[in-house]
Structure formats: C-alpha cells, structure tokens
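Report on the structure given below.
Protein chains in written order, with full-length UniProt numbering: chain A, 1 to 296; chain B, 1 to 611.
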C-alpha cells in the first residue's frame, strides 16, 4: 500500500477511470481497508476453496411467505440444491432455483452488479446484496431471508415505502437558487469538496443499513442512516449556501434525527458501497452543535 | 382508471428527463415504471457525457465525430441536435447538483474517449450514470411528479385504424406488481416510452435483467416501426459468468489481452497491428471470438485480460472499481491473476422509429433513450454518447408531448412516400404472428370502440382476460424455458459474427419460440408480486424484438459498424446508405428502407472509417 505522502504521478495521456481520485491513494481510505481485509481474509481463511465446490451442489434455505397462497401464509423455509459454478453469487443461486425449480420464488433484482440496490437480503444473518455475495464465501446451508425490520410482501420482497419516505423526508435535492450567470457557466466546486461528499453520493438506496440498525427497529420515525447520509451529501456540498445548510441541519437534528444514533456501526458494517455512515452521522452531530453554539 | 396529461413509461435517464420537461411545460405528468426509478439501468453507465463545453471544441466537431462513428448511418439532424443541445443539458445537471469530477479551477472535468476529436467526455468518477440517475430522481422528488413505481405497463392503447399513421395513442394499460391490479392510464396529451434496451434478447449481456425491450415491442405491435435493429454493440470485455462490464479503461491504462497460449493475439495474429488492444470495440470483439474459434480460447470460451503488470498502486489509483467487479462477480483477484473476459451484448443502436422531437408516426406516442432510434448512433455508438442522448432527447420528447413548439421535424417516421420496400431477401419462415396468437386469445376480441375511454376500457378488459388466461392455465410451458432458448439462439447466430445461414437458423428457432409461447402458463397462483407473470409478459416482448434484430441482420447484406456479414465483408455505400425499418402490420411484418440523411446544417460525406 502506498503511504499518505504522494509521489507526483507523471501525466498520463488519458484513462477512462477518474485520474483525479486522490482518495484511492490514502492508506486509510475505506477502499484500501476493505481490500486489505479481503486480502488478509483470503490469505488466512481459505475456509472454502472454490475448487472443492466444482461439480457440487449448493444447499440454500430460502424464506417463503405469500399472504394469499395456502401453505405459504405461515412463513417457512424451502430447501433448494443448486449446481455450483465458479463465481456463483447468492443472486445466481436464487435465480437458478426460480428458473429451474419454482417459478413462484420471488425477489427483486435487476442490474446484477451492485448498482441498482434491489437485492439486499439477509444472508446467513447479515444484510448483503445477493449479487455481490459469493457462494464460496458462505457456510452451508445458506439461509436467505428478507431484510429484517421491514414488512414482508412476499418471499424475499419487503415493503420499501417506509425507507423511501425517510429518504424523501430530508429534502433530498439540490436547493441552490443562485446560479452563475451565463448559459454554460457551471458552479465551481473544489476537488477537496467533491472528495468530501464523494462517498456519500455512492448510496444505492438498498436499505441494508436501515435494516441493520437497532435504533431504526425501535423508533419508526428515526430517519435512519441512509437518509441522514443523503442529508450529509447536500449539507457538506459547498455549492449550496450557508442558510440552506442550516435548514438541512435543522432537519437532521430533530428528535428522530442524528441524536438517536448510538454509534453501533452496524450500518457502516453492512453498507455494500463502504460508505462511512456512522462517521457521517457523527459529523452532522458536530455541525449541529456548532450551529447551536452559534445561535444559543 | 388513472388520468394524466403526459404518461412516461420507464424511469431511467430518458424517462425522468422527459417527465421533468413535460412538468415544466405545464402538463400534469406521471411516470409509470416497473422499477423504482433509482433501480433503472442508467445507473450502471460508467463513462460519461459527451458535450462540447470548452474552448477549442464545438458542436460541429461533436456532430462530425458522431456521424463518422456511426459509419454514416446516423441522420445528420439527429447527430447535430445531440451535439448542439448536449452542452446546455450537461450544465443543467451541474446546476442540479450532480457531483461531477472537478479540475483544479473547480470546473467540471472532461476526458478523451474513443472516436472523439476532443476530450469532451464529462464524467463523475467511473459512476457517471449512477449520479445522473440519482440527480434526476432528486429533481422529480423536488417537483412532486407522481411516480407509479413497480407498475408494469402491459400494452399501449392506440385504436386500430388500418393505417398506423392515422392512429392516436390514448394511454396505457398497466398492472400494479404488488397487488396484481390491472388498470388503465389515460394520457390526454401523450405517452412517452423510455423503457431502455433489449439486451435480454441475448444470454450474455451487460444489460440488467429488466432490459427486456418492453417499449420496443409495445410500440411495434401498436404500429410504430422499429429501425436499424440489426445494429447491436458487443463490448469486448465483459465477465464470462455474469456479463458484468469491465471498463475499456483497463486497456486504456495498458491492460493486455492474452489467449490460452499466452500470446498477445491482437498483435501476434495481426488483428490490429497499430492499436492492438485499443482498436475499436467491434475489432477487438471479433478478434477474441476468432481466437476461441481457432482453439486458442481459455476453456474454449474466453480470453484473459491482464493488468497485473500495472502494479498495485496504479491499479488502486485508477482502476479500483474493476478490482471490486472482478472480485465480486467473477471471484477473481485482478491483482494476482488475469481476468477472464469475452464479448457481451452491450447496447442497441436501433429502436423505435422517432423524429428529433421524439415522436413516432402514431400521434401522441413518443420514445426516448435507448429504446428509441432518432437516429443518433447509426451503425455504431461512440462511448459517451448514450447519456447525452437520454437528456437531450428525453427533454425534447417531454416538451413536445406537453405542447411546446419545437419546430417541424426534419426526420420522417413511419411508412410513407420516401420509403422503399424490401423485395430481395427470402425468409426461412414467416415472421410475426401470422396464424398464431400470443395474446392468450384476447387480442382479436372485437367490438367497435372509437372514443378514447371506450378504447381504454376495452384494452383493460383484454389485459385482465389475458392475465386470467395465463394464470388459470394449469400446465404447458414456462417462460424461463422459452426465454433461455431464444437467448441462446440469438447468442449463437446473431452475435458478433453473422452468416446468412446462421441468421436463418435463428429465425426458425424464434418461430419455434413463438409457437411454444402459445402454450405458456404462469405457475405462481398469487396476485401478490407475481414476477412469474411479469416475466411471461416480458418474454413475449423479447420474442418480437429478437425477431426484428434477426430480420434486420438477414436483409442487410453488408458490413457496417457493428453489423458484420460473412457473405459481404465490405461497407456497401452504393446500396446501403439507408435505414432498415420493420413494421408489425397486424402480425405480418413488413420490411422497408428509408434513406439516411447525411445533410443537415453540415454535410457528411462517407469516408473510410479508420482511427
């Protein structure tokens, strides 16, 4: 890993990846940490060697429930045995089970590459995206359940309305009215500021964090980590004026806002995009305190 | 029944932009989408947005690059509109707070991309589509535009006047996925289709599971032709087991392609002696498949993309996202082993025949984004030209549907005086539904209804009857089996390499799929979140769309852009400077041609396309 001290990179002609991403270079960036952990995990664990699974079947136990179908009104687990293939994910396994064994097996999914946020499930007791969870990393039988703390609509599908309501409650849209003159004049934003908000903008609304949060489970009005992170994304964006930022802070410091967070880090642990949610919540607390000091 | 002025079907970049524009033009606007907006596949776009923003660049250069990239099959007024409108639309995104990457002076960053004469690809990390989608949805929330999410649109309501040019779109029929309720949506001013690509017609695609060509198929059956469907872009580096895209950036940084013998085949076998791995997408994709065909593929299926020599620091700096993708979706650590890659279906250049205002030949029916063919991309789309198409033409369609005057369109639509009938190609089987009925016996259910509400009610009843039929049927064949067979046929025979014999085989298999579909049934008895039912509907759409791709590929006996034919491996400007159009004609498809427009504000003389 590189150190924090940067060597000046020679100017490369071009790349499709963003060459301006200095956060990748910092030794303590979440990505680097994650990669390190992964490498260490690979080196130490080796619990399941993929080659051991070739030609084997995978045993999955999938939660089933349907309010209108006899036999499924009482929740149950169905067992499926799915042929293993290298690189197989939890989503691949449930898709196979649906297409080959039981077409009524129901779950949301779309992009298969961890950007649409549709397929957050509770896999072996942890909130994870089905599409980016490798079968070979899991102990069998693999239990696949809908996200806890949300009403189950059917099988692995949960009602997302409450999650969306909370996301919408923080006024999740840019509110700067005073824009630069001239048709093609953009607002200026420093690289540092873009960097500051970058991780927060990666949220894919999968609701894994909300589902993992004990506070959200006990307080239905709690905004929850994703919505607070959304507020952070705007409050920290220097393109919005100070008054708007204060307005945003008032929204998140309400009774069911940032102060509810007890820094258990469960949201941060499950976030498939490695967003430091707990840190963002803490930072908003500090900003709110600063603001109160200023006015009280 | 629900009623709005403008109904937008689909909530990706084009749909959201159309809805915002229609709303701003004063129309009561609603979005009906089978996915919640933030789930749309626009979010998977990585590269960026081409827009001539900077000194030294101008819209004329962008239009020129686009026409050249299209292999001279884009229409000049479309390419020019894209190039002229993209700067303002891109800056609008910035004004809405989009987190673009930034230069030292705080202005938005732009980078070079394939086929561009100026670095005009405006980007937000390697996640430009994700940010575009979320920013646009934020604006929809801000405006309070109504979204019917997880409502699946089953059909358009257009009346049945014998001439599609005389039809009018009255609305749509949709079902609420959560409850199974089938309802009509009356559109007083217009319906805008923004349903994305048809990638699921292939079994190896970078497209989402939801990219099933619903808008294509509904517009087609309603009477709007599909245009240039044979032009499918195959991306050379997708992961073999899932089709997840590995960005061209890996090769841009110096990543190398090897065959199973460890040879750097792009040079070793002379596929591209100058550019090697950085030859254009179609060249690299064909080279990879040649290697596999010659027995030099890894596991007879793919090749290796190696970036290990770039070193860990540089990979983490520039290509971090690729490490996650390879690890998460292929179980491969790109730092210690080469990544397996093969060509995957990526983008459809063709689509619903529309003009530069987004309008089809059916009054009140619009299309925008990947499902539409204006045509901006012609035979080949340049990287960075898909996202500006969404916002430029999404906005235009929204404004026009809401009644704004955008001036008369220069591009013609539908079957008219300017077209030429296809007469030369013999088809191996009758296309379309001649003699078949995939509507579950409810399509021909007559009765005269002329008023809009009568039409809508009749259409709702038809779809309810169709759902009952599919769900009451006790046995038969399931959609997954038909879909898999269709996808395999398309990948086997209508892929990167195309031969007349292969395409004819595909058409026969497509016909079999149609016949099997007569016997399709839905096993899941529940009205609650019945994805079995939804996928059964989608599979019918895929059959119709796949057939138009194969038909287009069969009649176009030349090599242009992404379309390669073994029998004629040259571009044939004398005979083929024309668009392929296919109209449904009540189940007996008709193929015809319309000349490409190479003259707009500028003239684009076809030249040899070399980079």
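Idealized CB from N, CA, C, for every residue including glycine.
Chain order gives the chain A residues near residue 209 of chain B as 109, 110, 112, where near means a beta carbon separation below 7 Å. Ranked by Cα distance from residue 196 of chain A, the options B:254, B:288, B:101 are led by B:101.
Collapsing the DSSP output to three states places residue 151 of chain B in a strand. The Cβ of residue 587 of chain B sits no closer than 9 Å to any Cβ of chain A. Judged by their CB atoms, residue 223 of chain B and residue 584 of chain B are nearer to each other than the 9 Å cut-off. Between the region 338-356 of chain B and the region 171-185 of chain B there are fewer than three C-beta pairs closer than 8 Å, too few to call the two in contact.
For residue 126 of chain A, the uninterrupted beta strand (DSSP E) segment begins and ends at 126-129. Straight across, the Cα-Cα distance linking residue 241 of chain A with residue 93 of chain B is about 18 Å. In the three-state reduction of the DSSP assignment, residue 201 of chain A falls in the helix class, which pools H, G and I. Taking a Cβ-Cβ cut-off of 7 Å, the neighbours of residue 197 of chain A in chain B comprise 99, given in sequence order. The region 133-184 of chain A is shown to contain whole alpha helix (DSSP H) runs of 4 or more residues at 161-169, in chain order. Straight-line measurement puts the Cα of residue 205 of chain B at about 39 Å from the Cα of residue 214 of chain A. 9 Å or more divides the Cβ of residue 160 of chain B from the Cβ of residue 351 of chain B. A straight-line Cα-Cα distance of about 9 Å links residue 99 of chain B and residue 132 of chain B. The region 390-407 of chain B makes contact with the region 77-97 of chain B: 3 or more CB pairs, one atom from each, lie closer than 8 Å. The C-beta of residue 259 of chain A comes no closer than 9 Å to any C-beta of chain B.
Within its own chain, the residues whose Cβ lies closer than 7 Å to the Cβ of residue 262 of chain A, once the five positions on either side in sequence are excluded, are 215, listed in chain order. Rounded to the nearest angstrom, the Cβ distance from residue 79 of chain B to residue 376 of chain B is 6 Å, consistent with a contact under 8 Å. Rounded to the nearest whole angstrom, the C-alpha separation of residue 560 of chain B and residue 348 of chain B is 14 Å. Residue nearest to residue 278 of chain A within the set A:286, A:266, A:287 is A:266 (criterion: CA-CA distance). Residue 153 of chain A has a beta carbon lying within less than 9 Å of a beta carbon in chain B.
In the structure shown, residue 488 of chain B adopts helical secondary structure according to DSSP, grouped into three states. Using a Cβ-Cβ cut-off of 7 Å, residue 130 of chain B is close to 115 of chain A, given in chain order. When Cβ pairs closer than 8 Å are counted between the two stretches, the region 143-156 of chain A is seen to touch the region 55-63 of chain A, the count reaching three or more.
Boundaries cannot be given for residue 381 of chain B, as no beta strand (DSSP E) includes it and DSSP labels it neither H nor E.
The region 303-320 of chain B makes no contact with the region 96-114 of chain A, as fewer than three CB pairs between them are under 8 Å. Chain B places no beta carbon closer than 9 Å to that of residue 275 of chain A, leaving this residue out of the contacts.
Contact annotation: the region 62-76 of chain B touches the region 594-601 of chain B, with at least three C-beta pairs closer than 8 Å. A check of alpha carbon separations from residue 192 of chain A across B:23, B:107, B:89, B:208 identifies B:107 as the nearest.
Rounded to whole angstroms, the separation of the alpha carbons of residue 368 of chain B and residue 283 of chain B is 29 Å. Here the alpha carbons of residue 71 of chain B and residue 576 of chain B stand approximately 11 Å from one another. A direct Cα-to-Cα measurement between residue 556 of chain B and residue 498 of chain B gives close to 11 Å. The Cβ atoms of residue 51 of chain B and residue 388 of chain B sit closer than 9 Å to each other. Within chain B, no residue has its beta carbon less than 8 Å from that of residue 121 of chain A; the closest one is some 15 Å off.
Here the alpha carbon of residue 531 of chain B sits roughly 25 Å from the alpha carbon of residue 457 of chain B.
Look at residue 123 of chain B here: in three-state DSSP terms it is coil, with no helix or strand label.
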